[in-house]
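Asks: Numbering (the working numbering), first residue to last: 15 to 615. Even glycine gets a Cβ: it sits at the ideal position worked out from N, Cα and C.
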Amino acid sequence: MKAGKLGSENVIWDLSALYASLDDPRIARDMKAVRRDAAALAAEYHGRVAAGKISPAELRKFMVEEERISSATGRLGEYAELMLTTDNLDEGAKSLMMKMQELGSDISNTLVFFPIELGQMDEALFARLVADKALDNYRHYLLFLRKQRQHLLSEKEEMLLSKRDLTGKLAIQRIYQELTSSFKFTVTVKGERKVMNGEQVRSLRESTDSRLRARAMKQYFGKYAENSLVITNVFDTLLKDHQIECELRHFDEPMGMRNLDNELDAEVVNTLSDVTRDNTDIVERYYTLKARLLNSKKLTLADIYAPISAKPHKYTWNDARTIVLDAYAKFDQRAHDIIQEFFDKNWIDGRTLPNKTGGAFCTFNLPGAHPWIMLNFTGAGRDVETMAHELGHGMHGILSAKQTAVNRDAILPLAEVASVFGEMLVTDYLLSRMKDPEEKIALYCSKLESAFATTFRQNMFHRFETRTHGLIADHQLSTDELRSIYHEELVNMFGDSVTIPAHYDMEWAIVQHMFLWPFYVYAYNFAQLVVLSLYQKYLEEGEKFKPVYYRILETGSAMTPAEILGLAGIDPRDKAFWQKGFDFMRTRWIEPLEKLVSERK
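1. Just reading off the alpha helix (DSSP H) that Val78 is part of, what are its end residues?
2. Just to confirm the assignment: which complete beta strand (DSSP E) runs, minimum length 3, are found wholly within the stretch 362-441?
3. Using only alpha-carbon positions, find the residue among Glu80, Ala138, Lys147 that is nearest to Phe127.
4. Taking just the CA atoms, how far does Ser433 sit from His403?
5. Looking at C-alpha atoms only, which residue of Phe199, Leu218, Gly205 is the closest neighbour of Tyr238?
6. Could you work out which residue in Gln214, Ile362, Ala349, Tyr536 is closest to Tyr563 when comparing CA atoms only?
7. Decide if the stretch 291-298 is in contact with the stretch 462-480; the criterion is three or more beta carbon pairs, one per stretch, under 8 Å apart.
8. With a 10 Å radius around its C-beta and 16 neighbouring C-beta atoms as the bar for buried, classify Asn390 as buried or exposed.
9. How would you write the range of the alpha helix (DSSP H) that Phe356 sits in, first residue to last?
10. Measure the alpha-carbon distance for Asn247 versus Leu166 and round it to whole angstroms.
11. Can you tell which of Asp104, Arg163, Gly91, Pro39 has its C-alpha closest to the C-alpha of Ala64?
12. Decide if the stretch 277-286 is in contact with the stretch 583-594; the criterion is three or more beta carbon pairs, one per stretch, under 8 Å apart.
13. Could you name the residues of the same chain whose beta carbon sits closer than 7 Å to that of Asn369, not counting the 5 residues immediately before and after it, in chain order?
14. Please confirm if Tyr342 has its CB atom under 8 Å from at least one CB of chain B.
15. For the candidate residues Leu444, Phe249, Leu243, whose alpha-carbon lies nearest to that of Thr336?
16. Would you mind sorting Asp351 into buried or exposed? The rule is 16 or more other CB atoms within 10 Å of its CB.
17. Does the Cβ of Ser460 have 16 or more other Cβ atoms within 10 Å, making it buried, or fewer, making it exposed?
18. For Leu581 versus Ile566, is the C-beta spacing smaller than 8 Å?
19. Classify Leu253 as buried or exposed, calling it buried when 16 or more other Cβ atoms lie within 10 Å of its own Cβ.
20. In chain order, what residues of the same chain have a beta carbon less than 7 Å from the beta carbon of Lys454, not counting five sequence neighbours either side?
21. Distance check for Ser217 and Glu23, CA to CA, integer angstroms please.
22. Pull the bridge partners of Val201 from the DSSP assignment, please.
23. Would you call the stretch 205-212 and the stretch 484-497 in contact, with 3 or more CB pairs under 8 Å?
24. For Thr314, which residues does DSSP report across the bridge?
25. Among Leu462, Met401, Lys416, Ile322, which has the Cα closest to the Cα of Phe572?
26. When DSSP labels each residue in this structure, what does Met231 get in the three-state scheme?
27. Just the C-alpha distance for Thr302 and Ser511, rounded to the nearest angstrom, thanks.
28. Please go through the stretch 569-609 and give each complete alpha helix (DSSP H) segment of 4 or more residues, from N-terminal end onward.
29. Do Phe533 and Phe249 have their C-beta atoms closer together than 8 Å?
30. In or out: Gln347 buried (at least 16 other Cβ within 10 Å) or exposed?
31. Would you kindly work out how many angstroms separate the C-alpha atoms of Met45 and Thr87, rounded to a whole number?
32. Alpha carbon to alpha carbon, how far is Lys19 from His327?
33. Gly595 to Lys304, Cα distance in whole Å?
34. Rounded to whole angstroms, what is the Cα-Cα separation between Gly570 and Thr330?
35. To the nearest angstrom, how far is it from the Cα of Phe378 to the Cα of Gly556?
36. Taking all protein chains shown into account, decide if Leu73 is buried (16 or more other Cβ within 10 angstroms of its Cβ) or exposed.
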């Protein structure tokens, strides 16, 4: 099936709810307004917070106005980001994004006094203020800010760091994004030479032609190797920037900033990582089995997503849409109705374009506005799962919209819960409809590979990231050293179950999260294993489970992750809890797959 016949080429999001175009005069008007309003807010409250000359009602008034300004700033930034997403080389979008980054820095600097002064406030006075009923909706957020006080710098230092980022970290990240988005690949497919972007080349991992898979991935990673001088320097610079900031803010370890933001103890994150590492036998067990299914003595990394069927199913956009909607409806009509709205109101962009950002995402940081979803739909089976995943994010955003702005965004460790739960719904929906054992084998394989990508693979990235951040204080890392570290982590994940071609050692260079959001990746592993526990509860409890699930999503970040999970009786400090997720993989996916394979004629 040709890309032009998928139907996704006509799936274009409607951003008019934000702005009409890059030239919309409201953009300049709104930029001026948020600067003016932020300055007025600062003039009214600066110096009063630290001195304790503020009542609960006045503090609430500040929070409401700060949220309004933050939302207006976010609206501008979101429009710039979404416009740039569909064409990373568009000069107008790039210009607007730079202006929005500068605006964000300016607003942050204008209001940076607040968390600093809140940390300086007398302890007894703070306790009385935060206990007042007027601040019920802001209590958790204010307590969270108070926890950060020992890591905040002076007001002038915070302003300097924010300004420096415009020509420092943010500029370096932009170089990485623009460089990698510009990569083009000429690949011969069935005798036809095609010019592809990175997302299209990566989709060739699911080709039935093993030589094409190997050739495509060698070329893909080869492009990153050709540009390794720039990419390695960008990565090292970002590592060093992070190290310096950690030192300035008195964090004892590189992951400290992320853990504080996530309201998680390092012990929880390390336990998660260690338990994942201890269960990599599942990966080896599966890929040894897959080699048999593909009639191969041993797979290479280019084969790990190879289809089991000689004719893998290709989905149109409407096929995928129907499956996802039906799967959500089978779970609950309320969930279906929320998802339906995304299709009906053009809140999705499904096109695959030459300069479009790779991958997929959902963004929903604006109170009073709906989320938008970006996909690169190529018709592969995993694209159906990706659609369900991002729509899960969208549903999460709709449900958490009941919160005030500071509590709306799901806290990162739980931000992937609704999305991964959506994938599970699609998997079980498809399994329930399948009669052919070969179809079930293919689906079990796809599900395991997807789960591995979310758990073991993300943990591999996390371990690589932790090791490289730990080394940057001593020396700059060379491309060869980075490749060597990454190779060791590949071996830790796959063992001897696959052959690892040398060019895969450059795979670290494609992981945008490590360049843009340090230590983000463990959240995927966290969420996947949490979802396996939640999904088991759903299977056991049925209707009784649904109100608990909706409450988890509606809570946003108004509680800590441990408190939110406590609603479902989950304790993330318990090592046995994390182990249950891997036991689920063994009993519900690996063992049924092995049974089906053993029964093959």
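Replies: So, from the data block:
1. 70-100
2. 375-377, 386-388
3. Glu80
4. 4 Å
5. Phe199
6. Ala349
7. yes
8. buried
9. 347-358
10. 29 Å
11. Arg163
12. yes
13. Asp101, Asn102, Leu103, Ser195
14. As a matter of chain content, chain B is missing from the structure shown, which is built from one protein chain.
15. Leu444
16. exposed
17. buried
18. yes
19. buried
20. Leu445, Met448, Leu610
21. 17 Å
22. Lys208
23. no
24. Thr513
25. For the sequence presented, residue 572 should be read as Ala rather than Phe. Out of Leu462, Met401, Lys416, Ile322, Lys416 has the C-alpha closest to the C-alpha of Ala572.
26. helix
27. 6 Å
28. 575-580, 589-599
29. no
30. exposed
31. 8 Å
32. 15 Å
33. 22 Å
34. 34 Å
35. 29 Å
36. buried
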